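Numbering-wise (the numbering used here), the sequence shown opens with residue 210 and increments by one. Structure, as structure tokens:
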Amino acid sequence: MEHIDDVQNDAINAVDTKREEKPKKKLEARQQQEHEMNGTSETVDKSPEKTSSSVSIPGSSTDTLNKPWDSVLDVTQCIKNLQLPTPPQFQFWKTQPVPSINERIQEGVNEPIESDKDQSEIRAEPYNLPSGFHWQTLDLQDKDMLQDLYVLLNENYVEDDDNMFRFDYSPEFLRWALMPPGWRQAWHVGVRVTKTGKLMGFISAVPATIRVYQKVQKMVEINFLCVHKKLRSKRLAPVLIKEITRRVNLVGIFQAVYTAGVLLPQPVSSCRYWHRNLNPKKLIEVKFSHLRHNMTMQRTLKLYKLPDQPLTPGYRRVTKKDLPRCKTLLEDYLKQFQLSPLFNEEEFNHWFLPKDDIVDSYLVERGGTITDFVSFYTLPSTVMHHPVHQSVRAAYSFYNVSTETPWTALMQDALISAKNTKFDVFNALDLMENKVFLEKLKFGQGDGNLQYYMYNWRCSPMPSEKVGLVLQ
């Protein structure tokens with residue numbers, strides 16, 4: 210089920226994107242999050258790391274967990290830093306087909322937890338909602354319903370601990386993310402107030418074919434789980450999860466993949482966000498970053514300055530006619546990872562054909578052969594309470610392949626392309642081979658993890674560099 214949550218050497222001295230938080234405020238926020246996550250978080254599918262560098266994993270101390278993954282995943286240090294008074298109980302997740310938080314999964318285990326159900330075993334009617342609310346399947350081709358979803362997410366979706374930044378998914382981006390080939394309207398699940406019709410909750414699924422180690426499985430990616438702030442005491446998120454599970458089961462799919470910035474039972478991997486400043490002056494002005502005491506603005510701007518144009522010969526934007534060769538390149542590259550997607554032609558074209566303000570892709574072509582490929586998608590964040598700036602424009606690294614151009618040179622060209630299209634920051638997870646270039650290109654490490662999870666699937670954990678899957 211999907212997203213159910215910064216600089217080296219000289220750069221560390223220049224800009225610190227870890228905004229200081231008052232300990233009491235931060236602890237209270239985490240206590241509230243722990244309370245929600247005893248069932249599930251109302252915004253469990255996205256890491257707040259995308260808008261700030263904040264740890265958002267509930268727990269208390271390493272003594273409360275059996276740590277099945279600490280030889281592979283760097284989760285325990287995050288737990289140590291949480292300062293929560295009691296360990297999370299995960300009451301809702303104890304009722305779901307997921308590995309328990311202290312389960313030790315042996316290497317080589319890679320299988321469903323529960324067998325597929327017969328149609329007769331699947332609940333035919335939607336789950337009951339609290340009085341005064343009703344289900345509605347959203348038609349995202351209807352501009353009014355799409356606008357309702359945009360408003361819900363814009364006002365209630367993931368934001369940083371200090372309430373300074375909030376994701377701002379555009380309506381066009383939502384259509385791209387939620388309507389890939391094979392999408393089903395029944396998987397766009399809304400909850401409305403019966404009296405007023407106001408949209409108060411949402412969850413979605415999109416189809417995916419996922420390779421887990423050597424097994425290929427039809428799954429869904431769960432995303433955009435969001436409940437209006439005024440309803441977060443109603444425990445609506447577990448009902449949304451059960452309802453989307455029911456609807457997905459009805460078409461014969463029983464596994465899902467999702468990510469979260471919080472700790473749930475049990476991660477298959479844990480990745481870290483890294484941030485590369487492209488517009489340091491603006492990021493400092495909105496307090497996404499701040500100047501260190503021994504750095505001036507002029508020195509900071511010089512530190513992060515990039516060449517005016519990409520430097521690699523043959524580097525250019527992807528066109529429609531390039532897509533088949535790019536697909537083959539990415540397909541071959543992803544085979545080395547232990548968790549990765551398989552795209553058919555229609556899916557690849559949907560996800561990687563450049564669309565302004567949604568997704569961009571570039572390649573390197575030499576002698577008629579495409580040797581390298583980079584892509585990133587657009588996710589701005591609303592800047593709240595600032596007199597000048599209303600938005601931080603962020604690029605998120607998507608899928609990249611280097612076969613001839615060195616990683617550092619290839620990704621520097623991607624940074625230049627992003628800067629030239631007015632992005633303020635470029636974000637990347639430390640998955641696949643990204644660790645090769647992050648520090649060299651002056652990315653700064655965030656302090657929040659993004660966990661990867663699978664629903665109704667048990668497999669041994671894997672390090673972040675073996676993850677080849679990126680969810681929007």
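Using N, Cα and C, we set each Cβ at its ideal position, and we do this for glycine too. For clarity, every value in this text was computed on a predicted model and none was experimentally measured.
- Return the CA-CA distance between Lys530 and Gly577, expressed in angstroms with no decimal places. As a working note, residue 530 is residue 321 in the sequence shown. As a working note, residue 577 is residue 368 in the sequence shown. So the alpha carbons of these two residues sit roughly 13 Å apart.
- Nearest CA to the CA of Lys490: which residue from His397, Asp633, Asn609 and Phe376? Taking the sequence shown and counting its residues from 1, the one referred to as residue 490 is at position 281. Selected option, being the one with the closest Cα: Asp633.
- Kindly indicate which residue of Arg393, Gly523 and Leu520 has the alpha-carbon position closest to the one of Asp348. By one-based count along the sequence shown, residue 348 stands at place 139. Here the closest residue by C-alpha is Arg393.
- Cβ neighbour criterion (16 or more within 10 Å) applied to Pro294: Start at 1 with the first residue of the sequence shown, and residue 294 comes out as number 85. The predicted model places Pro294 with a pLDDT of 48, which falls under 50 and marks its position as unreliable; any figure quoted below should be read in that light. So Pro294 counts as exposed.
- Message: If distances are taken between C-alpha atoms only, which option among Lys564, Gly657, Glu316 and Cys480 comes closest to Leu638?
- Response: Position 429 of the sequence shown, counting from 1, holds the residue named residue 638. Across the set Lys564, Gly657, Glu316 and Cys480, the C-alpha of Cys480 shows the shortest separation from the C-alpha of Leu638.
- Item | Whole beta strand (DSSP E) elements within the region 543-571, 3-residue minimum | Fully enclosed beta strand (DSSP E) runs of 3 or longer: 548-550.
- Message: Considering Cα atoms alone, identify which of Glu381, Thr346 and Met504 is closest to Tyr359.
- Response: For the purposes of this step, residue 359 is identified with residue 150 of the sequence shown, where counting begins at 1. The shortest Cα separation from Tyr359 among Glu381, Thr346 and Met504 belongs to Glu381.
- Which value, in whole angstroms, describes the spacing of the CA atoms of Met663 and Asp569? Working through the sequence shown from its first residue, we reach residue 663 at position 454. Working through the sequence shown from its first residue, we reach residue 569 at position 360. Each residue's Cα considered, the two are about 28 Å apart.
- DSSP on Phe652, reduced to helix/strand/coil? If you number the sequence shown from 1, residue 652 lands on position 443. Phe652 carries a coil assignment under DSSP once its states are collapsed to helix, strand and coil.
- Which residues in the same chain as Leu355 place their Cβ atom closer than 6 Å to its Cβ, once the five residues preceding and following it in sequence are excluded? As a first step, residue 355 must be located in the sequence shown, where it is residue number 146. Taking Leu355 as the centre and dropping the five residues before and after it, the same chain places the C-beta of Leu349 and Pro380 closer than 6 Å to its C-beta, in chain order.
- For Trp344, which residues of its own chain have a beta-carbon under 6 Å away from its beta-carbon, when the five flanking residues on both sides are left out? The residue labelled residue 344 in the question sits at position 135 within the sequence shown. Excluding sequence positions up to five before and after Trp344, its CB lies within less than 6 Å of the CB of Pro335, all in the same chain and listed in chain order.
- Message: Residues in the same chain with beta-carbon distance under 7 Å from Lys427, minus the five sequence neighbours each way, listed in chain order, please.
- Response: Here residue 427 is taken as the residue at index 218 of the sequence shown, counted from 1. So the list reads Thr418 and Ile462, once near-sequence residues are dropped.
- Message: Measuring straight from C-alpha to C-alpha, what distance separates Arg667 and Val466?
- Response: On the sequence shown, position 458 is the one that residue 667 refers to. On the sequence shown, position 257 is the one that residue 466 refers to. Those two C-alpha atoms are separated by around 12 Å.
- Expressed to the nearest angstrom, what Euclidean distance is found between the alpha-carbon atoms of Arg313 and Gln423? Sequence index remark: in the sequence shown, residue 313 carries index 104 (1-based). Sequence index remark: in the sequence shown, residue 423 carries index 214 (1-based). Roughly 20 Å between the two C-alpha positions.
- Task: If I'm right that Trp483 touches Gln654 with Cβ under 8 Å, what's the distance once you round it to whole angstroms?
- Result: For the purposes of this step, residue 483 is taken as the residue at position 274 of the sequence shown. For the purposes of this step, residue 654 is taken as the residue at position 445 of the sequence shown. The distance from the Cβ of Trp483 to that of Gln654 is about 5 Å, consistent with a contact at the 8 Å cut-off.
- Query: Can the beta-carbon of Phe552 be found closer than 9 Å to that of Phe607?
  - Reply: Locating residue 552 in the sequence shown gives position 343, counting from the first residue. Locating residue 607 in the sequence shown gives position 398, counting from the first residue. Contact flag unset, no.
- Item | Arg575 versus Leu520: straight-line alpha-carbon distance, rounded | For the purposes of this step, residue 575 is taken as residue 366 along the sequence shown, with counting starting at 1. For the purposes of this step, residue 520 is taken as residue 311 along the sequence shown, with counting starting at 1. Arg575 and Leu520: Cα-Cα distance of roughly 14 Å.
- Item | CA-to-CA distance, Pro306 to Thr630, given in whole angstroms | Counting from one through the sequence shown, the residue named residue 630 turns up at place 421. Counting from one through the sequence shown, the residue named residue 306 turns up at place 97. Using only the alpha carbons, I get a separation of about 44 Å.
- Message: Can you give me the C-alpha to C-alpha distance between Ala386 and His437, rounded to a whole angstrom?
- Response: For the purposes of this step, residue 386 is identified with residue 177 of the sequence shown, where counting begins at 1. For the purposes of this step, residue 437 is identified with residue 228 of the sequence shown, where counting begins at 1. Computed Cα separation, rounded: 21 Å.
- Message: Taking the beta carbon of Thr403 as the centre, do at least 16 other beta carbons fall within 10 Å, making it buried, or is it exposed?
- Response: Mapped onto the sequence shown, residue 403 falls at position 194. With fewer than 16 other beta carbons inside 10 angstroms of its own, Thr403 counts as exposed.
- Item | Nearest candidate by alpha-carbon position, reference Lys628, set Ile331, Tyr513, Thr505 and Arg441 | Here residue 628 refers to the residue found at position 419 of the sequence shown. The candidate whose alpha carbon is nearest that of Lys628 is Tyr513.
- Task: Please name the residue in Tyr571, Arg602 and Thr304 whose C-alpha comes closest to that of Arg375.
- Result: On the sequence shown, position 166 is the one that residue 375 refers to. With distances taken between CA atoms, Arg375 lies nearest to Arg602 out of Tyr571, Arg602 and Thr304.
- In chain order, what residues of the same chain have a beta carbon less than 8 Å from the beta carbon of Ala618, not counting five sequence neighbours either side? Here residue 618 corresponds to residue number 409 of the sequence shown, with the count starting at 1. When the five nearest sequence neighbours on each side are left out, the beta carbons in the same chain lying within less than 8 Å of the beta carbon of Ala618 are those of Leu520 and Thr521, in order along the chain.
- How many Å lie between Thr614 and Asp581 at the Cα? Taking the sequence shown and counting its residues from 1, one reaches residue 614 at position 405. Taking the sequence shown and counting its residues from 1, one reaches residue 581 at position 372. The alpha-carbon of Thr614 is positioned some 7 Å away from that of Asp581.
- How about Thr468 and Leu588: do their beta carbons lie closer than 9 Å? Position 259 of the sequence shown, counted from the first residue, corresponds to residue 468. Position 379 of the sequence shown, counted from the first residue, corresponds to residue 588. Between Thr468 and Leu588, the C-beta spacing is not below 9 Å.
- Which of helix, strand or coil DSSP assigns to Leu236: As a working note, residue 236 is residue 27 in the sequence shown. Caution is warranted here: a pLDDT of 32 is assigned to Leu236, below 50, making its placement in the model unreliable, and the coordinate value is therefore given only provisionally. The answer is helix: DSSP assigns Leu236 an H, G or I state.
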